[in-house]
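Protein chains in written order, with the numbering used here: chain A, 435 to 663; chain B, 86 to 558.
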């Protein structure tokens, strides 16, 4: 019995308010110091699920993962994109330094295939990162994926709708992503294994479109007002 | 020269019972279907014998499984055995319908004596669950006659072999019926007695053919035989006595066939990346399933897993009467890379190939793609998707740095812009091209933030209006 308790405490499944210690779970740095600090100085957990909850694409969610993608792909690990909602634009990825030979797109037709593929990717030692865009996931499916993730030591990020933030999930890390009007990405930690949730940070993402002058955006008086009306 | 002859008394029966799981009685009947020619041990226990009429056999054993003999099938099975024997001996002659001849005089040194050759082959036969009568002779015909009479022994002593030969009856020696009768009328009953006759008299009184046969047995007349060469492909067939309705039942015979493929590939020092499985049905066209691996492979276990996934994806259309495994594409094995001492990298590479093969087997090979940039100004054409198994074309790093700033997401087709963006950032960037292939594009691109906070790549086309073409993800 005490064995089980020890395991629970060591794996940080039970949060201990008083004896908080540095997490020992394996992880990959996010590449954003501000976010790493909020995540206990470690980053994306390996061998566990992470969730990014967001409403619409185009708020810098891929740039959040780019440093990791770049690092893993240059180390010869494969990055899987499972059912992305749009086409990842190859020239832009190449420009950011991602080795496209290590990037594999997977398209599945139904939910059964999706879960099967994700499980297989997670269990393989060749995989570095899996980014998946599931439709609706049942809680028991996420649990199944979490077990598969534990069998491997890869980073797995599920991109889901923000309305699922209310639903509980066995994922080790849950981030809520929101844009603001200065092209920053606001990251709210909904859940983090072994710690309190609720931390909050803002990442500068304006550079993703070369908007160095984001302080005072140059308003192009283009043909817009004339057109469309 | 020393010859070894393998006589398979019931080859078809052995072949069938290897993939026949239940131990029910099984007989082979001749082409017309009236007479039993081979009976399995279960059938023999119940009193069924070779040479019996089928009706009699059925009344003795009502649950008899009956298979009609087929010359083509027998020839194919014999060739399978030759393929196996070719691993041990180089000079092989097929003696249809049920015999194999191998020259073993030259093998004694390699195996360390005649006994070792004999044991190696006997062991191989046991592993393959085949019954064969083996014999050694100094001429091909002598070896054959002794083997068929079932008196073969592991010896190269010519005196002993001659004694065995001379005790054979004329009927066993394979003379024509007419010649047999005439010799018997002369009071000759065994081969030895015929050997003692003066050859000139024999030719005059009987026929030159009989003399030729006797001389071939004795080795005084040449008996040229063309050696068999194995074809450069692999083909194995398992025939089922009872039709199989579930794909799970196919895995058992398939496993044995794949194991033989693995042995064959190991022996050739080759790999393959594509298997063809043909499932034969009684009424319908055969089902052809192609199992591909993403890299060279030889292990039966890996092939079996992929085949299992294929079977799960493609339920059987009809009951299966036979399964054929064919491989025509062979790849030479590469020498292991010396730089990688601990083999970590190869392990990872292998894991990658295993994973990709599994995914392709279940999802179809179109579902996995790899992206690469293309030299074109039009965003739709500036990327391409290619098959995962092909290694990508590396873009020179200098060219990558010169690529313009582009969004990470490209929409599958431009979406009409419904509301005015909140903030405009940069633009216009004009992209115009495609007059050379009819896909004309003439657009002004802007970067703008929409009301929802999304950073979008929008364009204005003078003819059709405003569209979103990408997201800065």
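Glycine included, every Cβ here is placed at the ideal spot set by N, Cα and C.
Beta carbon of residue i nearer than 8 Å to that of residue j
i                      : j                      : result
residue 378 of chain B : residue 438 of chain B : yes
residue 366 of chain B : residue 400 of chain B : no
residue 347 of chain B : residue 385 of chain B : yes
residue 318 of chain B : residue 413 of chain B : yes
residue 372 of chain B : residue 364 of chain B : yes
residue 152 of chain B : residue 101 of chain B : yes
residue 178 of chain B : residue 142 of chain B : no
residue 269 of chain B : residue 255 of chain B : yes
residue 501 of chain B : residue 552 of chain B : yes
residue 554 of chain A : residue 440 of chain B : yes
residue 606 of chain A : residue 483 of chain A : yes
residue 506 of chain A : residue 562 of chain A : yes
residue 530 of chain A : residue 504 of chain A : yes
residue 463 of chain B : residue 525 of chain A : no
residue 640 of chain A : residue 617 of chain A : yes
residue 515 of chain A : residue 532 of chain A : no
residue 320 of chain B : residue 409 of chain B : yes
residue 133 of chain B : residue 114 of chain B : no
residue 219 of chain B : residue 202 of chain B : no
residue 623 of chain A : residue 472 of chain A : yes
residue 343 of chain B : residue 396 of chain B : no
residue 103 of chain B : residue 119 of chain B : no
Residue i: contacting residues in chain B (beta-carbon distance under 7 Å)
i                      : result
residue 523 of chain A : 468, 491, 492, 493, 494, 495, 555
residue 550 of chain A : 447
residue 512 of chain A : 437
residue 643 of chain A : 490, 510, 532, 540, 557
Inter-residue CB distance, residue i and residue j (contact presumed, cutoff 8 Å)
i                      : j                      : result
residue 98 of chain B  : residue 123 of chain B : 5 Å
residue 470 of chain A : residue 481 of chain A : With a Cβ gap of about 18 Å, residue 470 of chain A and residue 481 of chain A do not count as contacting.
residue 558 of chain B : residue 495 of chain A : 6 Å
residue 584 of chain A : residue 487 of chain A : Rounded, the Cβ-Cβ distance is 22 Å, inconsistent with contact.
residue 536 of chain B : residue 613 of chain A : Between residue 613 of chain A and residue 536 of chain B the Cβ distance is about 11 Å, and since that is not below 8 Å, they are no contact.
residue 174 of chain B : residue 192 of chain B : 6 Å
residue 355 of chain B : residue 415 of chain B : 4 Å
residue 243 of chain B : residue 223 of chain B : 6 Å
residue 560 of chain A : residue 436 of chain B : 4 Å
residue 527 of chain A : residue 493 of chain B : 7 Å
residue 187 of chain B : residue 176 of chain B : 7 Å
Under 9 Å by beta carbon: chain B residues contacting residue i
i                      : result
residue 568 of chain A : Here the premise fails: no neighbours, minimum Cβ distance about 16 Å.
residue 555 of chain A : 440, 444
residue 547 of chain A : 447, 448, 452
Neighbouring residues, chain A, relative to residue i (Cβ below 7 Å)
i                      : result
residue 473 of chain B : 538
residue 534 of chain B : 617
One or two residues paired with residue i in a DSSP bridge
i                      : result
residue 472 of chain B : B:454
residue 636 of chain A : A:620
residue 590 of chain A : A:483, A:564
residue 92 of chain B  : B:184, B:218
residue 539 of chain A : A:515, B:454
residue 245 of chain B : Residue 245 of chain B is not bridged to any residue.
residue 625 of chain A : A:608
residue 678 of chain A : Not covered by the structure: residue 678 of chain A. The range shown for chain A is 435 to 663.
residue 530 of chain A : DSSP, once it has assigned bridges, lists no residue as partnering residue 530 of chain A.
residue 209 of chain B : Answer by DSSP bridge pairing: none, since residue 209 of chain B is not bridged.
residue 123 of chain B : B:113
Within chain B, the residues that residue i reaches when beta carbons sit closer than 8 Å
i                      : result
residue 542 of chain A : 448, 452
residue 559 of chain A : 432, 433, 436
residue 496 of chain A : 493, 494, 558
Proximal chain A residues relative to residue i, where beta-carbon distance stays under 9 Å
i                      : result
residue 537 of chain B : 489, 490, 492, 493, 613
Within chain A, the residues that residue i reaches when beta carbons sit closer than 8 Å
i                      : result
residue 455 of chain B : 534, 535, 537, 538, 539
residue 391 of chain B : None at all; the shortest Cβ gap to chain A is about 12 Å.
Contact with chain C by residue i, beta-carbon distance below 8 Å
i                      : result
residue 370 of chain B : The structure shown contains no chain C; its protein chains are A and B.
Would you call the stretch 239 to 258 of chain B and the stretch 267 to 282 of chain B touching, i.e. three or more CB-CB distances under 8 Å? yes
Do three or more CB pairs link the stretch 591 to 610 of chain A to the stretch 566 to 577 of chain A at distances below 8 Å? Because the criterion of three Cβ pairs below 8 Å is met, the stretch 591 to 610 of chain A and the stretch 566 to 577 of chain A touch.
Under 8 Å: do the stretch 517 to 528 of chain A and the stretch 625 to 639 of chain A share three or more Cβ pairs, one atom per stretch? They do not touch, by the three-pair rule.
Count the CB pairs spanning the stretch 160 to 167 of chain B and the stretch 635 to 646 of chain A that are closer than 8 Å, and state whether there are at least three. no
Between the stretch 223 to 232 of chain B and the stretch 291 to 304 of chain B, do at least 3 Cβ pairs fall closer than 8 Å? yes
Would you check if there are 3 or more beta carbon pairs closer than 8 Å linking the stretch 521 to 536 of chain A to the stretch 544 to 551 of chain A? Because the criterion of three Cβ pairs below 8 Å is not met, the stretch 521 to 536 of chain A and the stretch 544 to 551 of chain A do not touch.
Give a yes or no on contact between the stretch 492 to 507 of chain B and the stretch 528 to 535 of chain B, applying the rule of three or more CB pairs nearer than 8 Å. yes
Between the stretch 574 to 582 of chain A and the stretch 445 to 459 of chain B, do three or more beta carbon pairs fall short of 8 Å? no
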